[in-house]
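Working notes, beginning with the structure itself.
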Amino acid sequence: SGCAQGEACTIVLRGASSHILDEAERSLHDALAVLYQTITDTRVVHGGGAMEMAMSQAIMDKMKEVDGKESTAMEAFAKALIQIPFTLADNAGFDSADLVGKLRAAHARGEHATGLEFSQGGVADMAQLGVMESFRSKMSQLCSAAEAAEMIIRVDDIIKNAPREREGY
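Quick note: the sequence shown uses UniProt numbering, first residue 1, plus one each step.
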């Protein structure tokens with residue numbers, strides 16, 4: 001707005017349909033929530049799948065010290081974390097197996113800031129590129145995923161309804 005000390009602003013959204021307008025409003029709300037989180041908690045983590053790969057490898061290393069069902073659960077969680085870089089690469093239109101293999105090798109060499117970069121279709125140092133994610137947002141994502149997995153694990157039984165009769169068949 002050009003105001004030197006403006007404390008409030010108005011954002012006008014327009015869209016071709018109410019569906020597009022609703023989606024734009026949700027996106028803006030999400031962006032403002034991330035901005036607020038980043039301002040209130042300035043901690044950041046490396047993006048591009050670097051954090052997920054680092055966590056996955058740390059869990060796999062710790063898993064070697066644990067036995068029984070707990071190690072199986074740890075392995076499953078570590079594999080689930082690696083799906084994030086796979087999905088990022090797939091969505092960007094690259095060979096996910098190749099890129100995640102390069103990412104895994106870089107992290108095995110101790111290059112924990114390495115993540116996926118899509119301008120060249122390879123891996124690079126996320127700190128040098130300035131690709132960061134909000135720590136608080138990442139923690140929220142991980143907690144939500146863990147809670148969802150826990151809810152699924154706690155399901156004792158699934159009750160299915162009998163298929164309903166259809167006329168004419």
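Glycine included, C-beta positions come from ideal geometry on N, C-alpha and C.
Everything numeric in this text was worked out from a predicted model, so none of it was measured.
Exposed or buried, what is residue i when buried is set at 16 or more other beta-carbons lying within 10 Å of its beta-carbon?
i              : result
isoleucine 84  : buried
valine 155     : exposed
methionine 126 : buried
alanine 162    : exposed
alanine 124    : buried
Am I right that residue i and residue j are in contact with their C-beta atoms under 8 Å? What's the rounded C-beta distance?
i          : j                : result
lysine 102 : glycine 122      : 7 Å
serine 56  : leucine 88       : Wrong, their Cβ atoms sit about 14 Å apart, outside the cutoff.
valine 66  : phenylalanine 86 : Actually they are not in contact, since the Cβ atoms of valine 66 and phenylalanine 86 sit about 25 Å apart, beyond 8 Å.
Cβ atoms of residue j and residue i: under 7 Å apart, would you say?
i             : j            : result
methionine 63 : glutamate 75 : yes
histidine 112 : alanine 54   : yes
isoleucine 59 : alanine 73   : no
glycine 48    : valine 131   : yes
Can you check DSSP and say which residues form a bridge with residue i?
i            : result
threonine 10 : The partner list for threonine 10 (beta bridge, DSSP) is empty, contrary to what the question assumes.
serine 17    : Partner(s): none; serine 17 has no beta bridge.
serine 56    : Its beta-bridge partners do not exist; DSSP assigns none.
Quiz item: Are the segment 100 to 118 and the segment 6 to 25 in contact at 8 Å, needing three or more beta carbon pairs?
Solution: no
Quiz item: If we count Cβ pairs, one from each stretch, closer than 8 Å, do we get three or more for the segment 21 to 40 versus the segment 109 to 127?
Solution: no
Quiz item: Taking three-plus beta-carbon pairs below 8 Å as touching, is the segment 38 to 50 in contact with the segment 130 to 145?
Solution: With contact defined as three or more Cβ pairs closer than 8 Å, the segment 38 to 50 and the segment 130 to 145 are in contact.
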